[in-house]
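2 protein chains.
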Amino acid sequence: MTTGTAEAGARGAADTRTRLLDTALRLFTEHGVEGTSLQMIADALGVTKAAVYYHFKAKDEITEAVTEPALRELDAIVTEASKQRRRGAQIDHLLAGFIDLVVRHRALVALFSSDPGVARAVEKSIHGSEDFKQGLLGLLCGDNPDTAAMVTAHVALAGLAMAGGSPAMAALDDETLREALLEVGRRLLGRPRHRTA
Amino acid sequence: MTTGTAEAGARGAADTRTRLLDTALRLFTEHGVEGTSLQMIADALGVTKAAVYYHFKAKDEITEAVTEPALRELDAIVTEASKQRRRGAQIDHLLAGFIDLVVRHRALVALFSSDPGVARAVEKSIHGSEDFKQGLLGLLCGDNPDTAAMVTAHVALAGLAMAGGSPAMAALDDETLREALLEVGRRLLGRPRHRTA
DNA sequence: GTCTATACCGCGATAGAC
DNA sequence: GTCTATCGCGGTATAGAC
Chain B
1 MTTGTAEAGA RGAADTRTRL LDTALRLFTE HGVEGTSLQM IADALGVTKA AVYYHFKAKD
61 EITEAVTEPA LRELDAIVTE ASKQRRRGAQ IDHLLAGFID LVVRHRALVA LFSSDPGVAR
121 AVEKSIHGSE DFKQGLLGLL CGDNPDTAAM VTAHVALAGL AMAGGSPAMA ALDDETLREA
181 LLEVGRRLLG RPRHRTA
Chain H
1001 MTTGTAEAGA RGAADTRTRL LDTALRLFTE HGVEGTSLQM IADALGVTKA AVYYHFKAKD
1061 EITEAVTEPA LRELDAIVTE ASKQRRRGAQ IDHLLAGFID LVVRHRALVA LFSSDPGVAR
1121 AVEKSIHGSE DFKQGLLGLL CGDNPDTAAM VTAHVALAGL AMAGGSPAMA ALDDETLREA
1181 LLEVGRRLLG RPRHRTA
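First to last, the protein sequences are chains B and H.
For the first sequence, this note's numbering assigns the number 1 to the initial residue and increments by one for each residue that follows.
For the second sequence, this note's numbering assigns the number 1001 to the initial residue and increments by one for each residue that follows.
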């Protein structure tokens, strides 16, 4: 993409796209997706609305692009966790990975949990790999998804994500939050509590 | 049904308002708040947008009005729970009341947890009684709100609410869901599990 | 007191000039 | 690649019919 004469081309194209996504994420976390207009993004970049539309055909595409990296990470975590042989190890792997993801992408997660635009984008992004949406729950529930296990899994995933993204936790550093969430998650899923990494 | 002048006057006001809120809640749960326009609400009622605007000065007021009954119930639950003398009883009371509320108002709760418009409305509605927003957490955390307790409380409230409102639980009847959530909540908050009411 | 007609402005989105 | 111009729809607002 950046070959030869394309210094300007590389900057105008890919770099503007990157700047746009950075700006969008910042504005999204400040005002929500709904509360962020394309005009605001364009102004922050010093271009017009139509220029933004050159890079993304619709606002939804921006939302999707913003959430994509985190979703790919989540997909990788689920895949890797499912490779573990013992069920306990699967859950441990998934729990640690999920929580780590939530902590590192706190701002995004907060958005994720409170914005239907983001939820829509997420659902679209995982159109191909629906395995992993159900896989997440499947790994936690085991082979026999009885009511109690299903409810527990839902409470765990939703609760850990929302608590991690909550403004009330913003003051906590990553280490502290991660350990606190891990302990709660372990208790919830019936895993023995152990090493404080 | 006849549009006689007297009957229209008697029926038009309060009843239209009620019908409007019922319709709004239905459309909100179907399409989300953002995805429901005043035009859609007006069409469903057989009136014009301006007629809707007569009953509510802004869309946010509709959202607030829709969430208000559940919030009042929650407020009552917190108040009553705080009157319990033993801390264990406070938690038990709060947990049971909260979960019962979530189960009975599932559709609203699902909306509540995934729509910034609703979240905004909720924050506005409790302007006067901010006691109870913090009171909810305060009752769960006790006097010493250390990190672990705070995180646990957040995971519990958010997780139980979102799990209860999740489409995945829609097939469960109230009794079953309530008991499943109660058991998870008790384990999470370190309460002994007991009677299946 | 309840509703209709109408207008305003900002939003997401499209078409076409440079 | 970026711009200007324009469109339709959304929430909001007012004047006035009944």
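Ideal Cβ positions, reconstructed from N, Cα and C, are used throughout, including at glycine.
Any C-beta of chain H within less than 7 Å: which residues of the stretch 91 to 123 of chain B qualify?
So the list reads SER114, ASP115, PRO116, ALA119, given in the order they occur along the chain.
Output, in sequence order along the chain, the residues in the stretch 141 to 163 of chain B whose CB is closer than 9 Å to any CB in chain H.
Answer in chain order: THR147, ALA148, MET150, VAL151, THR152, ALA153, HIS154, VAL155, ALA156, LEU157, ALA158, GLY159, LEU160, ALA161, MET162, ALA163.
Under a three-way DSSP split, which group does H:VAL1052 fall into?
It is helical.
Less than 6 Å between C-beta atoms, sequence neighbours within five positions excluded: which residues of the same chain meet that for H:VAL1052?
For H:VAL1052, where only same-chain residues beyond five positions count, the Cβ hits under 6 Å are LEU1038, ILE1041, ALA1042.
If H:GLY1164 sits next to H:VAL1078, beta carbons under 8 Å apart, how far is it from one beta carbon to the other, in whole angstroms?
Actually they are not in contact, since the Cβ atoms of H:GLY1164 and H:VAL1078 sit about 18 Å apart, beyond 8 Å.
Compare the C-alpha of H:THR1016 against each of H:THR1036, H:GLU1030, H:GLY1190, H:ALA1044 and name the closest.
With distances taken between Cα atoms, H:THR1016 lies closest to H:ALA1044.
How about H:GLU1034 and B:PRO116: do their beta carbons lie closer than 7 Å?
Cβ distance < 7 Å, so H:GLU1034 and B:PRO116 count as in contact.
For H:GLY1185 and B:ALA50, what's the separation of their Cα atoms in angstroms?
Roughly 50 Å between the two C-alpha positions.
Work out the CA separation of B:THR18 and H:LEU1020 for me, nearest whole Å.
Cα-Cα distance, rounded: 45 Å.
Just how far apart, CA to CA, sit B:VAL151 and H:ASP1100?
For B:VAL151 and H:ASP1100, the distance between alpha carbons rounds to 15 Å.
If we count the other Cβ atoms within 10 Å of its Cβ and call it buried at 16 or more, is B:GLU64 buried or exposed?
Label assigned to B:GLU64: buried.
Excluding the 5 residues preceding and the 5 following B:LEU111 in the sequence, name in chain order all residues of the same chain whose CB lies nearer than 8 Å to its CB.
Cβ within range, chain order: PHE28, THR29, GLY32, VAL33, VAL118, GLY165.
Taking the alpha helix (DSSP H) that B:ARG19 belongs to, which residues open and close that run?
Counting along the chain, the alpha helix (DSSP H) containing B:ARG19 begins and ends at 16 to 31.
On a Cα-Cα basis, can you pick out the residue from H:ALA1158, H:LYS1059, H:ALA1096, H:PRO1069 that is closest to H:ARG1178?
Considering only alpha carbons, the answer is H:ALA1096.
Tell me whether the beta-carbon of B:SER114 lies closer than 7 Å to the beta-carbon of B:LEU71.
No, they are not a contact pair.
Can the beta-carbon of H:LEU1140 be found less than 7 Å from the beta-carbon of H:LEU1160?
No.
For chain H, is any of its Cβ atoms less than 7 Å away from the one on B:VAL47?
Not closer than 7 Å to any Cβ of chain H, the Cβ of B:VAL47 fails to qualify, so no.
Does H:LYS1057 come out as helix, strand or coil in the three-state DSSP assignment?
Of the three classes helix, strand and coil, the one that applies to H:LYS1057 here is coil, per DSSP.
Please classify H:ARG1106 as buried or exposed, where buried requires at least 16 neighbouring CB atoms within 10 angstroms.
Result: buried.
Quick one: what does DSSP say H:GLY1009 is sitting in, helix, strand or coil?
Note that H:GLY1009 scores 47 on pLDDT, short of 50, meaning its location in the model is unreliable; the coordinates nonetheless yield the value given after this. If DSSP states are grouped into helix, strand and coil, H:GLY1009 belongs with the helices.
So, is the C-beta of B:ALA171 closer than 7 Å to a C-beta in chain H?
Output row for B:ALA171: interface = no.
Report the three-state DSSP secondary structure of B:VAL66 (helix, strand or coil).
Helix.
Which residue comes first and which comes last in the alpha helix (DSSP H) that contains B:ARG187?
174 to 189 is the span of the alpha helix (DSSP H), which, as asked, contains B:ARG187.
Can a CB atom of chain H be found closer than 7 Å to the CB of B:GLY32?
Output row for B:GLY32: interface = yes.
In terms of residue numbering, what span does the alpha helix (DSSP H) encompassing H:HIS1154 cover?
1147 to 1165 is the extent of the alpha helix (DSSP H) around H:HIS1154.
Can you tell which of B:ALA153, B:ALA24, B:PHE98, B:THR36 has its C-alpha closest to the C-alpha of B:ALA81?
The option with the nearest alpha carbon to B:ALA81 is B:PHE98.
In the stretch 181 to 193 of chain B, which residues sit with their C-beta less than 9 Å from some C-beta in chain H, listed in chain order?
Under the 9 Å Cβ criterion, the stretch 181 to 193 of chain B contributes LEU181, GLU183, VAL184, GLY185, ARG187, LEU188, GLY190.
Mind listing which residues of the stretch 15 to 43 of chain B have their C-beta closer than 7 Å to chain H's C-betas, in chain order?
The residues in question are GLY32, GLU34.
Just checking my contact of B:LEU188 with B:VAL155 at CB under 8 Å: how many whole Å lie between their CB atoms?
The pair is a contact, with the Cβ atoms about 7 Å apart (cut-off 8 Å).
Within its chain, find whatever has a CB closer than 8 Å to the CB of B:VAL102; leave out the 5 residues flanking it on each side and keep chain order.
Result list for B:VAL102: VAL109, LEU160, ALA161, GLY164, GLY165, LEU181, in chain order.
Where does B:ASP92 sit, in a helix, a strand or coil, going by DSSP?
DSSP places B:ASP92 in helix when its eight states are reduced to three.
Are there 16 or more other CB atoms within 10 angstroms of the CB of B:THR48, so buried, or fewer, so exposed?
Exposed, by the Cβ-count rule.
For chain H, is any of its Cβ atoms less than 7 Å away from the one on B:SER166?
Closer than 7 Å to some Cβ of chain H, the Cβ of B:SER166 qualifies, so yes.
Measure the alpha-carbon distance for H:ALA1149 versus B:HIS55 and round it to whole angstroms.
Answer to the nearest angstrom: the Cα atoms are 45 Å apart.
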